[in-house]
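In full-length UniProt numbering, the protein residues as written are 1 to 166.
One structure is given below, encoded as structure tokens.
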Amino acid sequence: MVGKKSGEAARSLAASGAEATADDATGEAAHAAGGTLRNVVRWVLGGFLTFAGTSHLTIGREEFQAQVPEWVPVDQDLVVLGSGFAEIALGLALLSGRKRPQVGWVTAAFFVAIFPGNIAQYLEGTDGFGLDTDQARFVRLFFQPVLVAWALWSTGAWRTWRARRR
1 MVGKKSGEAA RSLAASGAEA TADDATGEAA HAAGGTLRNV VRWVLGGFLT FAGTSHLTIG
61 REEFQAQVPE WVPVDQDLVV LGSGFAEIAL GLALLSGRKR PQVGWVTAAF FVAIFPGNIA
121 QYLEGTDGFG LDTDQARFVR LFFQPVLVAW ALWSTGAWRT WRARRR
């Protein structure tokens, strides 16, 4: 009888390990650790992106156009509209909480893709959004990697990727 119960306990433990592995694959277990803080960061990031994207299309449109580097071979307004719609979509996806790891990777990739614009703003001395000194523009550069890290951490994307590599 004891052996039978031990076997059942082992099977139960193995099953819960399999469930945890399955959860890791979907990002659920990765998101659970530190869940409240992760959710708050994800919601703040989602709200920020939704607001920024809406600003691209409305109140900040001209100022965002001025931030598009001269070397970008696309019309400045089209770049601003495209990035605005992308930010709104990413913000809403972060707020929804669905497919968190995938949304985290896409959001991180977006932040990496727009980083050359931040570098150009610094190198060209372009003023905008209160960044009107070289020092302020330089300090701004250090926030982009933080945004990438927040996107990956708050969605469990990084942990999910690491779990799949094991």
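All residues carry an ideal CB built from backbone N, CA and C; glycine is no exception.
Quick caveat, the model's predicted, so the values are computed rather than measured.
Give the range of the alpha helix (DSSP H) segment to which residue i is assigned.
i, result
"R166", "Looking at the DSSP string, R166 is not in any alpha helix (DSSP H), and its letter there is neither H nor E."
"I119", "R100 to E124"
"E70", "E70 -> no alpha helix (DSSP H), and no H or E assigned at all."
"G156", "Taken as a continuous stretch (DSSP letters only), G156 belongs to no alpha helix (DSSP H), as it is neither H nor E."
"G91", "Q76 to S96"
For residue i and residue j, I'd like the C-alpha separation in whole angstroms.
i, j, result
"Q65", "F115", "16 angstroms"
"E63", "W43", "26 angstroms"
"W158", "T36", "17 angstroms"
"W150", "V72", "27 angstroms"
"A25", "V112", "Interpretation of A25 is limited by its pLDDT of 45, a score under 50 that renders its predicted location unreliable; no figure is taken from the coordinates."
"A108", "Q121", "20 angstroms"
"R100", "T155", "5 angstroms"
"R162", "E70", "39 angstroms"
"L94", "D132", "31 angstroms"
"L57", "Q102", "26 angstroms"
Here's a check: name, in chain order, each residue in its chain whose Cβ is nearer than 6 angstroms to the Cβ of residue i, leaving out the five neighbours to either side.
i, result
"V68", "Q76 and V79"
"W105", "A157"
"L147", "F111"
Beta-carbon within less than 7 angstroms of residue i's beta-carbon, same chain only, minus the 5 sequence neighbours each way: which residues are those?
i, result
"N118", "R140, L141 and Q144"
"G125", "D134"
"I59", "none"
Whose C-beta lies closer than 8 angstroms to the C-beta of residue i among residues of the same chain, with five residues either side of it excluded?
i, result
"A136", "G130"
"F138", "Y122"
Please state whether DSSP places residue i in a helix, a strand or coil.
i, result
"G128", "strand"
"T58", "coil"
"F142", "coil"
"T133", "coil"
So, is the C-beta of residue i closer than 8 angstroms to a C-beta in chain C?
i, result
"G91", "Of the chains in the structure shown, none is chain C; there is only one protein chain."
The segment 38-55 touching the segment 78-86, judged by at least three CB pairs closer than 8 angstroms = Contact holds: three or more Cβ-Cβ distances are below 8 angstroms.
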